[in-house]
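Worksheet: one structure, shown below.
2 protein chains.
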Amino acid sequence: GEQITISEYLLTRLEQLGVTSVFGVPGDFNMRECPLPRVDYIEDHPRIDWIGNCNELNAAYAADGYARVKEHSIGVVVTTFGVGELSAMNGIAGAFSEMVPVLHIVGVPSTVQLKNKPMLHHTLGDGRFDAYTKAAEQITVSQATLMNKTHAAAEIDRILTDCITRARPVYLTIPTDMVAEKIPAKRLQVPLSRTPPPNDPDVEKYVLDRIAELVEEASKDIVILVDACAIRHDVRQEINDLLTKTRFPVYSAPMGKTAVSEAHDRYGGIYIGSISDPSIKDKVENANLILSIGALKSDFNTGMFTYSVPTSRTIELHSTHTQIRHALFPGIGMKQLLPKLTSHLRQFHEGASQLPVPHYKLDVPKEQDDKISHAFFWPRVGQFFQKKDVVVAETGTSSFGILDVPLPEQSVFLAQILYGSIGWSIGITLGAALAARDKQLGRTILFVGDGSFQLTVQELSTMIHSKVTPIIFVLNNKGYNIERHLHGMDRKYNDIVNWKWTSLLTTLGDTDGTLSNSYTVRDKAGLDKLLNDAEFAKADKIQLVEVILDKYDTPRGLQVAADIGEKLAKQALGQV
Amino acid sequence: GEQITISEYLLTRLEQLGVTSVFGVPGDFNMRECPLPRVDYIEDHPRIDWIGNCNELNAAYAADGYARVKEHSIGVVVTTFGVGELSAMNGIAGAFSEMVPVLHIVGVPSTVQLKNKPMLHHTLGDGRFDAYTKAAEQITVSQATLMNKTHAAAEIDRILTDCITRARPVYLTIPTDMVAEKIPAKRLQVPLSRTPPPNDPDVEKYVLDRIAELVEEASKDIVILVDACAIRHDVRQEINDLLTKTRFPVYSAPMGKTAVSEAHDRYGGIYIGSISDPSIKDKVENANLILSIGALKSDFNTGMFTYSVPTSRTIELHSTHTQIRHALFPGIGMKQLLPKLTSHLRQFHEGASQLPVPHYKLDVPKEQDDKISHAFFWPRVGQFFQKKDVVVAETGTSSFGILDVPLPEQSVFLAQILYGSIGWSIGITLGAALAARDKQLGRTILFVGDGSFQLTVQELSTMIHSKVTPIIFVLNNKGYNIERHLHGMDRKYNDIVNWKWTSLLTTLGDTDGTLSNSYTVRDKAGLDKLLNDAEFAKADKIQLVEVILDKYDTPRGLQVAADIGEKLAKQALGQV
Ligand SMILES: Cc1ncc(C[n+]2csc(CCOP(=O)(O)OP(=O)(O)O)c2C)c(N)n1
Ligand SMILES: Cc1ncc(C[n+]2csc(CCOP(=O)(O)OP(=O)(O)O)c2C)c(N)n1
Ligand SMILES: [Mg+2]
Ligand SMILES: [Mg+2]
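If you read the sequences in order, they're chains A and B.
For the first sequence, position 563 (counting from the first letter as 1) is numbered 587 according to the numbering used here, and the numbering increases by one without interruption.
For the second sequence, position 333 (counting from the first letter as 1) is numbered 357 according to the numbering used here, and the numbering increases by one without interruption.
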């Protein structure tokens, strides 16, 4: 049969998975046939673009952002041995934590060198050539090193299957002498399967009956709560079908934001324990039954563990198990369960509609002051969003502020609420914007704090070069506002160096100023004017908006979270 | 006895080790007493400065640079759980590889949380709270987690002792509830010892006699070759004493550059196997005996393994062992051996002086062309260096070009020739400049490629804020020149986005332009003029010089290394 190189095999698999952009930084070990004929498999690939990042951490973030928006695909980051891969490590760990399918390809020394262990550059100098792989094992679900061509295809398929079915990062090292080894192409005819293992039919039947019973008992007072894993494990369509059939009110945890359209008439807003809007808290916590789908109960995602929904009134659906009240059903996954549940349940249209769901909206407050407060800013930008926008929020005041803002239908919301690594959103915006272009989504709009921006700012350069045109709101509040509120209101270490934010784009790549626009808005009128400007809203250039905010002002949600955190810390020390 | 907090204990130890600056990025788990009285041990310390970096990788690099220049001290970097520490990982690995004593302090959740494993932010979401420590074990020589106050002081002392005696990074995690726990201060009265374990007297005696014999047999034709570990394991003074006594000619490997003053009258230049200047190659390889001190035989440091010095004519001194021809003497370390060797050997003044050592110098060539070539640039900047300058070279054309330039006495040379992580030099420059200020050294002068600069550029901001005033030469050659020569001369992935380099300083912190100067030099005359400018040379502001170079032009040494590399790769594939 046909023979192709290992590199071609891998790239064909990526293409089958819908990958069109691969991120990374070159290095002398990665994916090049060396010395001759000097083929470069990625650069020469007709349908996969090489996106050269400024550094590897940013590349990993970009792959994460690409995977989140692209869906049914994966993000790919290519780095070089040691220096490159370790630089990417925090980005890969974030993808692990937040369940994003990312393939990390590392170019490593030849199989001969891996055995003989000469003191090569990029090594630790002590002959431990496996040290980097051991580190990677901590933050990826599968690893493979292609040490011989016989198993190469099977190994590639194994880790890619783990990547897509478990929605977590995987790690692949390719020795330089394996890059161009020939292997049979045959396996490529069978596409990789993303179907999770089937549920046991008997247990599944039992579970369905039991849920139906509880639903009947709850006499229509049932709410659905969607969360991160509904997105990651790909049950959005299934949830929508369930909603159409039952018309149960639906709420979302922060990490599930946009899993169900926030414009849906049965959507009631964000539930986040004690940080929730009181009317939402009331509806969710007092329902007779809560059907929780894809919950991920991390501290910030649950209002610092302040959920007040007793297990006895909860059914939890997960990707690998189901829990009905206190009973656990391992192996009963929601991807197959949900459609069956939808057909199993009767229509509740009339009944459920008797439970009114107040429309989730956020009005722009009337404030005397000209200054842009958080209370003003978030509802005001809320009016600016359009259908299909991709909205990215960095950890900090942004990730809290945005929660209260309903997003339009078909919009996509990205934030890293569990892992919370600042600087993430810049790389994410690059990857997200490229995926959005593939998927013909709308604008990519980023909200990032001045402190976070400083970690990864150089990736603006790659955005300019890749011709993506996000709108970037930089919240200039003179430092680490969230950290001030969590600890050290006036600590010097929470101050940052003020930058000339509006010069960044022209300095970092748009040297003649034709590809970008930058603005500073200092007051409400200035913000209004810009947001009402049709040219601005078109977003056909990359645009950066510096928003001048008060140093101490903070969104309501963050304030409450800080207060709860303080209380918990005192309790832990026995001070309360 | 007196009771102090664990934080105070640690900081006092750091102070005893001469630490005056600590680098890092704040996070809500690190080194703060929480919730009350909200003491911040580092910010409040009267004699240790907190240097807030833009990101953690840069902070780790800065700690590395600080340790390299400060000597007899260590670099310290403080990060937060997961997101911060993993971001720093590549910087710590580089310090491991190149043997630099760095302490990585990580603020982690409370001891209770470490046991109960709630789903906190910054975790992997699966309860593995030890994953980050396991990763750190791969790239540090000791680790400690302060889980109780009883062992805290001993644990701190253990890892700090490992750090200073083994000259490698160590890892310390401090749970939030341990930060302010009280412990006895008593141990602090005994300073930590950096003395390596004593050599066995009998073996040492035998080794000394044997070396003396070989020295006699070699009838005065003996050269000394110094390398990285002579610096890292602190035997520079001992080598100087040996030189004064014997007057043997001395050469240096690239990583040993400035271990012996390059202005020394018995210093002959850099030996780097087949890449060496032919006259140097000849002298070293044809000596009757080579006394190699602190060798580190990595690929780039040995001219791609092209040393041509037979073991039968070599004596190698290392920190933990000695090798005389083929015989190994484990446990005989050079720190104690060298002074004894110096007194053991007779004076060779007359004899050794008969071996002339051509003075190591590099003339500025006469070239017709106006363009700044590498052949012109390096000798020309060589004339600019002054006594006590700290010279930093990034991996790429810079680290090769600088090798041929003799540096003045008491100057310090920094490059990462073994680990070779690009972007390193920017963080290094910050740390080096702060240490140079402490030690009253001269100017800090950096040579960095345009490609490398992009990885870590934001740290200019911290330099401005910390009021250090390095001179930064950015070699603008439109991309990854070294990679072009190693592979892919015209590959697009070796091109980078051109930046407005001279706007960087005003954009990233010197907003009113009073603290910095930036220049572009396009031709020989322009470079001459700038280097002759006394104001420029004073270096009392931070200065950035963009040097316009040809896209393909490269230093001689790099060209030769690329050719050798190509040949080796062909051999490996059986093509030759
Ligand atoms: C990589 C990383 N380093 C450090 C932290 C700790 N941290 C969390 S939020 C934050 C400050 C964010 O400041 P900014 O982006 O300005 O946000 P805002 O002022 O809007 O809250 C810091 C330092 C982190 N989460 N991730
Ligand atoms: C962190 C890291 N990523 C990638 C590499 C691979 N690499 C080695 S040198 C180099 C290019 C350096 O380019 P530049 O700084 O412009 O140097 P020059 O053009 O002067 O050679 C790259 C990408 C590396 N060594 N380290
Ligand atoms: Mg801020
Ligand atoms: Mg370059």
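Virtual Cβ for every residue (Gly too), placed ideally from N, Cα, C.
Please read these numbers as outputs of a predicted model, since none were measured by experiment.
For B/K94, there is no enclosing beta strand (DSSP E); the enclosing alpha helix (DSSP H) covers residues 80-94. A residue is called buried when at least 16 other Cβ atoms come within 10 angstroms of its Cβ; A/V136 does not meet this threshold and is exposed. A direct Cα-to-Cα measurement between B/K548 and B/H398 gives close to 11 Å. Per DSSP, reduced to three states, the secondary structure at B/H398 is helical. CA-CA distance, B/N79 to A/S111, rounds to 12 Å. For B/D474, the Cβ falls inside the 6 Å cut-off from some heavy atom of ligand 4.
Nearest neighbour of A/D519 by Cα position, chosen from A/K575, A/R182, A/L465, A/P494, turns out to be A/K575. For B/F497, the three-state secondary structure derived from DSSP is strand. Within the model, the alpha-carbon separation for A/T468 versus A/F409 is close to 10 Å. Residues of the region 460-490 of chain B that bring their beta carbon within less than 8 Å of a beta carbon in chain A comprise Q478, L479, T480, V481, Q482, S485, T486, I488, H489, in sequence order. Spatial neighbours of A/I299 in its own chain (CB-CB distance under 8 Å, excluding positions within 5 residues in sequence) are listed in chain order as G327, M328, T330, G581, V584, A585, I588. The Cβ neighbour count for B/G537, taken over all protein chains shown within 10 Å, is under 16; the residue is labelled exposed.
In this structure, B/L539 places its C-beta atom within 7 Å of the C-beta atom of B/K565. In this structure, DSSP gives A/N541 an extended state, which the three-state scheme calls strand. At a C-beta separation below 7 Å, A/K524 has these neighbours in chain B: T530, T531, T535.
Within the region 166-239 of chain A, the complete alpha helix (DSSP H) runs of at least 4 residues fall at 176-190.
Using a 10 angstroms sphere on the CB of B/N172, the tally of other CB atoms stays under 16, which defines it as exposed.
In this structure, ligand 4 has a non-hydrogen atom nearer than 6 Å to the beta-carbon of B/N501. Any Cβ of chain A closer than 7 Å to the Cβ of B/M279 would place that residue at the interface, and such an atom is absent. Between the region 83-100 of chain B and the region 452-462 of chain B there are three or more C-beta pairs closer than 8 Å, enough to call the two in contact.
Taking 6 Å as the cut-off, the C-beta of A/I248 does not count as close to any heavy atom of ligand 1. DSSP places A/Q360 in the uninterrupted alpha helix (DSSP H) bounded by 358-368. For A/T135, no pairing in a beta bridge is given by DSSP. No heavy atom of ligand 1 is found nearer than 6 Å to the CB of A/V231. Interface criterion met: the Cβ of A/P50 is under 7 Å from a Cβ in chain B. Going by beta carbons, B/L573 and B/L470 fall outside the 7 Å limit. Around the beta carbon of A/P199, a 10 Å sphere encloses 16 or more other beta carbons of the protein chains shown; the residue is thus reported as buried.
Within the same chain, and ignoring the five residues on either side of A/G25 in sequence, the residues whose Cβ sits closer than 6 Å to its Cβ are P208, K210. A residue is called buried once 16 or more other Cβ atoms fall within 10 Å of its Cβ, and B/P430 is buried on that count. Within the region 316-334 of chain A, the residues whose Cβ lies closer than 9 Å to some Cβ of chain B are L320, K321, S322, D323, F324, N325, T326, F329, listed in chain order.
Rounded to the nearest whole angstrom, the CA to CA distance from B/Q261 to B/D181 is 27 Å. Spanning the alpha carbons of A/D428 and B/H96 requires a straight line of approximately 54 Å.
Under DSSP, B/F47 takes part in a beta bridge, and its partners are B/I75, B/V101. Between the alpha carbons of B/T421 and B/N505 lies a distance of about 7 Å. Any Cβ of chain B closer than 7 Å to the Cβ of A/E67 would place that residue at the interface, and such an atom is present. For B/Y275, the enclosing beta strand (DSSP E) stretches over residues 274-276.
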